[in-house]
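S.K.: I have a structure here, written as structure tokens, and I will follow up with some questions on it.
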Amino acid sequence: MNRRGVSLTTAGSFRAACHMEIFTSPKYTRPAIVTVAGIHHHAARIRIKTDYGRPGNLAGTAASLYSNFMIRVRFAPSPTGYLHVGSARTFIFNWLYARRNGGTMILRIDDTDLERNTEASLRSIFEGLQWLGLDWDEQYRQSERLDLHRQLAESILAKGLAYRDFTPAAAAETDDTEKPHAAGAWLANPGQREMSAEESDRRAAAGEPYVIRFRVPHGSGEVVRFHDAVYGEQSKSVDDIEDFALLRSSGAPTYHLASCADDVDLRITHVVRGQDHLTNTFKHVLIFRAAGIEPPQFAHLPLLIAPDGSKLSKRKHGPVVSVTTYRDSGFLPQAFINFLCLLGWSPKDDREKMTREELVGIFSFEGINRSNAVINFTEEDPFDAKAVWLNAEHIRTMPAASLSEALLPVVHAAGFAVTAEKMAQITPLIQERIRLLRDVLLVADFFFAQELAPYPATELIPKKGDAAMALRSLQKALETLATAEFTHDGLDAALRSAAESLGIKAGQMFEPIRVAVCGRKTAPPLFGTLEVLGREICLARIEQAIAKLNS
RNA sequence: GGCGCUAUCGUCUAAUGGUUAGGACAGAGCCCUCUCAAGGCUUAAAUACGGGUUCGACUCCCGUUAGCGCUACCA
9 MNRRGVSLTT
19 AGSFRAACHM
29 EIFTSPKYTR
39 PAIVTVAGIH
49 HHAARIRIKT
59 DYGRPGNLAG
69 TAASLYSNFM
79 IRVRFAPSPT
89 GYLHVGSART
99 FIFNWLYARR
109 NGGTMILRID
119 DTDLERNTEA
129 SLRSIFEGLQ
139 WLGLDWDEQY
149 RQSERLDLHR
159 QLAESILAKG
169 LAYRDFTPAA
179 AAETDDTEKP
189 HAAGAWLANP
199 GQREMSAEES
209 DRRAAAGEPY
219 VIRFRVPHGS
229 GEVVRFHDAV
239 YGEQSKSVDD
249 IEDFALLRSS
259 GAPTYHLASC
269 ADDVDLRITH
279 VVRGQDHLTN
289 TFKHVLIFRA
299 AGIEPPQFAH
309 LPLLIAPDGS
319 KLSKRKHGPV
329 VSVTTYRDSG
339 FLPQAFINFL
349 CLLGWSPKDD
359 REKMTREELV
369 GIFSFEGINR
379 SNAVINFTEE
389 DPFDAKAVWL
399 NAEHIRTMPA
409 ASLSEALLPV
419 VHAAGFAVTA
429 EKMAQITPLI
439 QERIRLLRDV
449 LLVADFFFAQ
459 ELAPYPATEL
469 IPKKGDAAMA
479 LRSLQKALET
489 LATAEFTHDG
499 LDAALRSAAE
509 SLGIKAGQMF
519 EPIRVAVCGR
529 KTAPPLFGTL
539 EVLGREICLA
549 RIEQAIAKLN
559 S
């Protein structure tokens with residue numbers, strides 16, 4: 009046990025007397041357990057030791073310690089589409105950080121844009137997260153918290169840090185944003201910002217629609233600063249930040265307002281999100297400041313982009329941007345998580361294949377790099393080769409029983425009636441031969457189908473051999489298999505000695521047998537295959553092959 | 001246009017200012033082998049460009065170029 013003493017800095021009469029200790033396991037492989045000796049705070053896992061004990065008050069202190077110390081992160085998707093691979097990665101990094109540090113993972117649906125949200129999209133997000141097997145501790149929906157957002161806007165307005173803008177929405181639209189703006193001219197809607205409080209109040213009271221706009225202190229020479237855990241110190245002059253909207257004329261909050269209001273209310277400690285929000289963060293810092301709240305910590309993630317360097321979009325790149333595509337193509341959730349983590353983050357050693365648990369143990373913001381990462385796909389090959397390799401790697405190293413279980417529904421979905429027992433026998437033969445779960449259909453089809461797919465008789469003829477040799481081999485195989493012990497070793501011995509008695513190489517004899525039984529030249533190892541197929545099927549298929557050669 | 005961010009093999013990435021610039025995937029070749037895989041070995045492949053600072057720069061600074069992001073009453 010590693011012990012760190014930390015002074016209690018929360019307000020209250022116990023400040024001087026309380027002492028908090030954090031116990032963490034070696035190498036931080038588990039969530040930090042905040043344990044303060046003395047009393048035990050179950051929910052918080054906090055115990056407090058003081059010089060003079062007053063348990064009632066200590067419980068309160070423990071609770072406040074908990075809220076000050078525990079890490080709270082959120083994933084805040086807006087339900088306007090399926091779960092995007094980039095969003096999934098953002099979720100994963102938040103989740104990893106929370107789980108790594110014993111924090112709280114929050115799912116917050118950012119659905120303030122009522123017109124663009126769909127329930128279907130929400131379902132697809134849940135579906136994706138469920139497949140990935142990632143959980144969360146608390147869940148909120150922004151549309152249910154609109155009062156909170158409005159209150160913040162009103163309070164900022166009351167402080168004079170925002171103003172009403174009565175410019176009609178239609179007029180604002182004609183202000184062509186496509187065209188480059190003259191320097192400085194784009195920062196404000198003329199007249200609105202300087203409107204007297206009296207006029208503003210009067211027009212609002214008269215029912216004239218307006219948006220509440222943040223009054224950025226232009227000309228003050230101020231520079232907005234924040235520290236980003238990935239991108240370092242960030243700064244921007246207030247003169248380069250426009251007066252952005254907080255509340256729409258409909259009374260609905262904008263993203264900036266709602267996001268900040270909720271981050272405050274939910275006591276978010278770390279905002280981990282895509283780098284596309286990096287410049288928005290200056291506005292957010294301004295909002296936090298206006299709300300009188302210390303901003304959370306920020307960590308922006310490099311973006312995931314397409315091979316042509318453009319942002320991944322469904323319109324342009326198709327289904328490869330949707331998490332469900334990976335699920336339906338036979339990726340393992342943990343392999344997919346592994347792959348996503350390797351895009352934009354590195355454990356700094358040469359590790360590539362990692363389980364979810366290993367990732368929890370090793371993840372940190374330090375390993376995140378700053379440049380965008382390409383997901384390398386093409387039209388012919390929709391999946392990044394490394395993703396496929398990692399998937400194969402996870403398939404190979406997982407217990408055969410688990411793989412068999414994962415394979416069964418894939419096989420059933422393709423219309424084959426295979427029992428779990430049979431699948432369990434087949435699995436070891438194909439485990440290192442499939443890269444995606446759906447490959448099972450290509451590699452093991454001859455186990456499932458009653459009738460072999462038609463194949464040309466010439467396939468039966470071995471290399472450096474002829475039809476006569478194939479025929480002799482198959483006839484000999486027929487005799488041999490009729491009596492041989494149907495186990496791997498029994499078949500091995502029987503067939504090798506059969507080849508010897510024919511005076512041909514074992515490999516040459518195996519080739520026609522393999523094709524006869526599997527219907528193609530590439531297949532899993534022969535003896536195991538024969539064993540699982542069983543004597544009856546093997547003999548029947550060899551007879552068919554002989555007939556095929558004779559015709 | 002303005003502002004911000006970024007730049008190492010084809011791709012993902014590593015490298016306290018001192019390494020023959022490392023690893024992985026994909027590619028090529030060889031070995032192993034009943035085919036296919038898996039595995040082993042070998043190979044090719046990068047610091048965007050130009051200036052500084054320094055004994056020494058992938059690393060720090062400036063510029064150029066390129067890419068990305070933000071610049072909505074979208075998120």
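Each residue of the first sequence is one higher than the last, beginning at 9 in this note's numbering. Quick reminder that beta carbons are idealized off the backbone N, C-alpha and C, glycines included. Here the structure is a predicted model, which is why all the values come from computation and not from measurement.
Does the Cβ-Cβ distance between V571 and S245 come in under 8 Å?
M.R.: Residue 571 falls outside the range modelled here, since the chain spans only 9 to 559, and no answer is possible.
S.K.: Reducing DSSP to helix, strand and coil, say where A212 ends up.
M.R.: Residue mapping note: residue 212 aligns to position 204 of the first sequence, counting from 1. Correct three-state label for A212: helix.
S.K.: Buried or exposed: which applies to E146, given that a residue is buried once 16 or more other Cβ atoms fall within 10 Å of its Cβ?
M.R.: The residue given as residue 146 occupies position 138 in the first sequence. Exposed, by the Cβ-count rule.
S.K.: Please list, in chain order, all residues of the same chain as K356 whose beta carbon is under 7 Å from its beta carbon, the five residues on each side excluded.
M.R.: The residue given as residue 356 occupies position 348 in the first sequence. Once the five neighbours on either side are set aside, the close Cβ partners of K356 are G375.
S.K.: Exposed or buried, what is R323 when buried is set at 16 or more other beta-carbons lying within 10 Å of its beta-carbon?
M.R.: Looking up residue 323 in the first sequence gives position 315. Exposed, by the Cβ-count rule.
S.K.: Measure the alpha-carbon distance for P34 versus L142 and round it to whole angstroms.
M.R.: Position 26 of the first sequence, counted from the start, is the residue given in the question as residue 34. Position 134 of the first sequence, counted from the start, is the residue given in the question as residue 142. With a pLDDT of only 33 at P34, under 50, the local geometry of the prediction cannot be trusted, and no value is derived from it.
S.K.: Mind checking whether the beta-carbon of A461 lies closer than 7 Å to any heavy atom of the ligand ADP?
M.R.: Inclusion of the ligand ADP in the displayed structure is not the case, the ligand content being empty and no account of it being possible.
S.K.: Among the candidates N377, W397, A432, whose CA atom is the shortest distance from the CA of G536?
M.R.: Position 528 of the first sequence, counted from the start, is the residue given in the question as residue 536. When each option's Cα is compared against that of G536, the closest is A432.
S.K.: So is L450 buried or exposed if we call it buried at 16+ other beta carbons inside 10 Å?
M.R.: By 1-based counting over the first sequence, the position of residue 450 is 442. So L450 counts as exposed.
S.K.: Cα separation between A524 and A485?
M.R.: By 1-based counting over the first sequence, the position of residue 524 is 516. By 1-based counting over the first sequence, the position of residue 485 is 477. Roughly 11 Å between the two C-alpha positions.
S.K.: Give the C-beta separation of L320 and V93 to the nearest angstrom, bearing in mind that I take them to be a contact with Cβ-Cβ under 8 Å.
M.R.: By one-based count along the first sequence, residue 320 stands at place 312. By one-based count along the first sequence, residue 93 stands at place 85. The Cβ separation is near 7 Å, so the contact holds.
S.K.: Taking the C-alpha atoms as reference points, what is the distance between K394 and D118?
M.R.: The residue labelled residue 394 in the question sits at position 386 within the first sequence. The residue labelled residue 118 in the question sits at position 110 within the first sequence. Computed Cα separation, rounded: 32 Å.
S.K.: Assuming the contact rule is C-beta atoms closer than 8 Å, R221 and L254 should be a hit. Round their C-beta distance to whole Å, please.
M.R.: On the first sequence, residue 221 is found 213 positions in, with the first residue counted as 1. On the first sequence, residue 254 is found 246 positions in, with the first residue counted as 1. About 7 Å separates the two Cβ atoms, so the contact holds.
S.K.: Determine the closest residue to A452 out of P464, Q439, P462, R97, with distance taken between C-alpha atoms.
M.R.: In the first sequence, counting from the first residue as 1, residue 452 sits at position 444. The shortest C-alpha separation from A452 is found at Q439.
S.K.: Who does I434 pair with in a DSSP beta bridge?
M.R.: Numbered from 1 along the first sequence, position 426 holds the residue referred to as residue 434. None; I434 has no bridge partner.
S.K.: For G527, which of helix, strand or coil comes out of DSSP?
M.R.: For this step, residue 527 is matched to residue 519 along the first sequence. In the structure shown, G527 sits in coil (DSSP, three-state: anything other than H, G, I, E or B).
S.K.: Under 6 Å Cβ to Cβ from D447, same chain only, skipping five residues before and after it: list those, please.
M.R.: For the purposes of this step, residue 447 is taken as the residue at position 439 of the first sequence. If we look at D447 and ignore the five residues flanking it on each side, it has no Cβ neighbours.
S.K.: For the stretch 229-317, list the beta strand (DSSP E) runs that are entirely contained and at least 3 residues long, ordered along the chain.
M.R.: Those beta strand (DSSP E) runs which fall completely within the stretch 229-317 and span 3+ residues are 231-236, 240-245, 253-255, 278-282, 305-309.
S.K.: Measure the CB-CB distance between L160 and A269 and report whether it falls below 8 Å.
M.R.: Translated into the one-based positions of the first sequence, residue 160 becomes position 152. Translated into the one-based positions of the first sequence, residue 269 becomes position 261. Yes, Cβ-Cβ distance for L160 and A269 is below 8 Å.
S.K.: Rounding to the nearest angstrom, what Cα-Cα distance links E366 and L137 in this structure?
M.R.: Taking the first sequence and counting its residues from 1, one reaches residue 366 at position 358. Taking the first sequence and counting its residues from 1, one reaches residue 137 at position 129. The alpha-carbon atoms of E366 and L137 are separated by roughly 19 Å.
S.K.: Between which two residues does the beta strand (DSSP E) containing A425 stretch?
M.R.: To locate residue 425, count along the first sequence from 1; it is residue 417. Note, A425: premise wrong, no beta strand (DSSP E); not H, not E.
S.K.: Would you call the stretch 395-403 and the stretch 336-350 touching, i.e. three or more CB-CB distances under 8 Å?
M.R.: A contact exists between the stretch 395-403 and the stretch 336-350.
S.K.: Out of F234, A422, A307, K556, state which residue places its alpha-carbon closest to the alpha-carbon of F290.
M.R.: Within the first sequence, the letter at position 282 stands for residue 290. Selected option, being the one with the closest Cα: F234.
S.K.: With A266 and H420 assumed to form a contact (beta carbons below 8 Å), what rounded beta-carbon distance in angstroms separates them?
M.R.: Along the first sequence, read from residue 1 onward, the residue named residue 266 stands at position 258. Along the first sequence, read from residue 1 onward, the residue named residue 420 stands at position 412. Wrong, their Cβ atoms sit about 45 Å apart, outside the cutoff.
S.K.: Rounded to whole angstroms, what's the CA-CA distance from R201 to S318? Just pull it up for me.
M.R.: Start at 1 with the first residue of the first sequence, and residue 201 comes out as number 193. Start at 1 with the first residue of the first sequence, and residue 318 comes out as number 310. Their backbone Cα atoms lie some 38 Å apart in a straight line.
S.K.: Taking the alpha carbon of F454 as the reference point, which residue from K472, V540, T491 has its own alpha carbon closest?
M.R.: The count along the first sequence starts at 1 and reaches residue 454 at position 446. Comparing Cα-Cα distances from F454 to each of K472, V540, T491, the minimum goes to V540.
S.K.: Would you check if the stretch 376-386 and the stretch 297-315 touch, i.e. whether three or more CB-CB distances between them fall below 8 Å?
M.R.: The stretch 297-315, when compared against the stretch 376-386, does touch it at the 8 Å Cβ threshold.
S.K.: With three or more beta-carbon pairs closer than 8 Å as the criterion, would you say the stretch 102-119 touches the stretch 283-303?
M.R.: At 8 Å Cβ cutoff, the stretches do not touch.
S.K.: From which residue to which residue does the alpha helix (DSSP H) around V448 run?
M.R.: Working through the first sequence from its first residue, we reach residue 448 at position 440. Counting along the chain, the alpha helix (DSSP H) containing V448 begins and ends at 448-451.
S.K.: On a Cα-Cα basis, can you pick out the residue from T120, P417, E135, R378 that is closest to S151?
M.R.: Within the first sequence, residue 151 is the residue found at index 143, counting from 1. When only C-alpha atoms are compared, the closest one is T120.
S.K.: Please return the same chain residues whose Cβ sits closer than 8 Å to the Cβ of E493, not counting the five positions on each side in sequence.
M.R.: To locate residue 493, count along the first sequence from 1; it is residue 485. Within the same chain, E493 has close Cβ partners L499, A502.
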